[in-house]
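Asker: Sharing a structure with you now.
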Amino acid sequence: MLIARAPLCLRLLPKPLAPLCCSYSTAPTYNQTQPSRNARIQRRDGSIAQKAKGTHQPQSSKEPFSRNAARQMNEKTRRLNDRDGSMRRYVPLDAQKLIVGGELRTNPDVWEFLQDTNIQWDTSRAKRLPLSPQNRHIYHTFACNISFSDEYIMSPYHLNRFLPWGHPLRERLKCIYRDKLENEPLWVHFIMKRADTSSIVHSVARRRLSWWFWSQLEELERKEPNLSRLKGTIFVELNDLRKAARAPAVQFGKAMAEAVMDMRRGKNYSS
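With our numbering as the guide, the letters of the sequence shown map in order to residues 1040 to 1310.
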């Protein structure tokens, strides 16, 4: 059996090509000699990369923004806004187009009405109303926040009636608020935060809580008729309408009435 001998290619090549072949055989690859484009960028920005070392890298723009992340951002914003005890500004979706740069965009007729009556529209002017220590369970039982302002503030649900281009119910609301200024020293507004419930749940929860509050307040006023009346606006933010509708409304009315009477007596509880 004959075995053919492998030819030596280098011997057959001419002498000028032999060094060239050796240089190609011993030279490193392209990735080893020259850095890639990304590597060159990292070398040029080496100082910036060192400063940013250990910092949190932002998520990719292609990654969807999860609901949990949005919830965490809202929670951080809520904590920052609540440091001074102020109520967060609440503007319904159908009225957000009227707020530009934190100012109400409307016509001169509405501004004249607001200036004459001294009625405010910004709910953030109200401060948190702390309840007495024995009544602070109301915050959790009814999932609510309670705020008070010594100024008169209109309901945020009426902002869309003051459109710059007019609204058929505007004049009627003006008459209602002028009548409230003369006959109602204390205003109470309920704000429904969750929109996943029916209008029946909205109306039932608001009417029950409002009725028990006014009835309990009248009963306490009969016992102390010489106290001066409290003037201003109370905001009740209901974060869970179903929970507020199931809870006993008499507890809410009694706690709210006692808080109003404590303010009339000059008592102040820290939040």
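C-beta atoms are modelled at their ideal positions from N, C-alpha and C, and glycine is treated no differently.
Given the structure is predicted, the values throughout are model-derived calculations rather than measurements.
If I measure Cβ to Cβ from P1203 and keep anything under 7 Å in the same chain, skipping five residues before and after, which residues do I get?
Answerer: Counting only Cβ-Cβ distances below 7 Å, and skipping sequence neighbours, we find R1144, T1145, N1146.
Asker: Quick one: what does DSSP say H1197 is sitting in, helix, strand or coil?
Answerer: If DSSP states are grouped into helix, strand and coil, H1197 belongs with the helices.
Asker: Could you check if K1293 is buried or exposed, using at least 16 other CB atoms within 10 Å of its CB as the buried criterion?
Answerer: Buried, because 16 or more other Cβ atoms sit within 10 Å of the Cβ of K1293.
Asker: For a quick check, are the C-beta atoms of S1188 and G1271 less than 8 Å apart?
Answerer: Contact: yes.
Asker: Going by Cα to Cα distance, which pick from D1161, R1167, H1206, W1150 is closest to N1307?
Answerer: Closest option to N1307, Cα to Cα, is R1167.
Asker: Thinking C-beta only, is N1199 closer than 8 Å to D1148?
Answerer: No, the pair does not count as a contact, with Cβ atoms beyond the cut-off.
Asker: Counting Cβ pairs, one atom from each stretch, are 3 or more of them under 8 Å apart for the segment 1177-1184 and the segment 1277-1287?
Answerer: Short answer: they touch.
Asker: Is DSSP giving R1128 helix, strand or coil here?
Answerer: In the structure shown, R1128 sits in coil (DSSP, three-state: anything other than H, G, I, E or B).
Asker: So is V1299 buried or exposed if we call it buried at 16+ other beta carbons inside 10 Å?
Answerer: Buried, by the Cβ-count rule.
Asker: Taking the beta strand (DSSP E) that H980 falls in, what are its first and last residues?
Answerer: Outside the displayed span of the chain (1040 to 1310) sits residue 980, for which this structure offers no information.
Asker: Taking the alpha-carbon of M1193 as reference, which of R1128, S1171, R1247, L1170 has the nearest alpha-carbon?
Answerer: Residue R1128 is the option with its Cα nearest to M1193.
Asker: Have a look at K1232, H1228, N1222 and flag the residue whose alpha-carbon is nearest the alpha-carbon of V1275.
Answerer: Considering only alpha carbons, the answer is H1228.
Asker: Can you tell me whether N1340 is buried or exposed, with buried defined as 16 or more other CB within 10 angstroms of its CB?
Answerer: The structure shown has nothing for residue 1340, since the chain only spans 1040 to 1310.
Asker: Assuming contact is defined by CB atoms lying nearer than 8 Å, are M1302 and F1252 in contact in what I supplied?
Answerer: No, these two residues do not count as a Cβ contact at 8 Å.
Asker: Give the straight-line distance between the Cα atoms of F1195 and F1152, rounded to the nearest whole angstrom.
Answerer: The residue you asked about is not Phe; residue 1195 is Pro in the sequence shown. In a straight line, the C-alpha of P1195 is about 16 Å away from that of F1152.
Asker: Out of D1161, I1215, I1230, which one is the CA nearest neighbour of L1277?
Answerer: It is I1230.
Asker: Please report the residue range of the beta strand (DSSP E) in which G1271 lies.
Answerer: Element bounds for G1271: 1271-1277.
Asker: May I have a chain-ordered list of the alpha helix (DSSP H) segments no shorter than 4 residues that lie completely inside the segment 1159-1196?
Answerer: If we require 4 residues or more, the alpha helix (DSSP H) runs fully inside the segment 1159-1196 come out as 1177-1180.
Asker: Give the straight-line distance between the Cα atoms of V1130 and Q1159, rounded to the nearest whole angstrom.
Answerer: Their Cα atoms are separated by approximately 13 Å.
Asker: In its own chain, which residues sit with a C-beta less than 7 Å from the C-beta of Y1216, not counting the 5 before and 5 after it?
Answerer: The answer, listed in chain order, is T1156, I1158, M1193.
Asker: Using the three-state DSSP reduction, which class does E1142 fall into: helix, strand or coil?
Answerer: The answer is strand: DSSP assigns E1142 an E or B state.
Asker: Buried or exposed: which applies to Q1098, given that a residue is buried once 16 or more other Cβ atoms fall within 10 Å of its Cβ?
Answerer: The predicted model places Q1098 with a pLDDT of 41, which falls under 50 and marks its position as unreliable, so this point remains unresolved.
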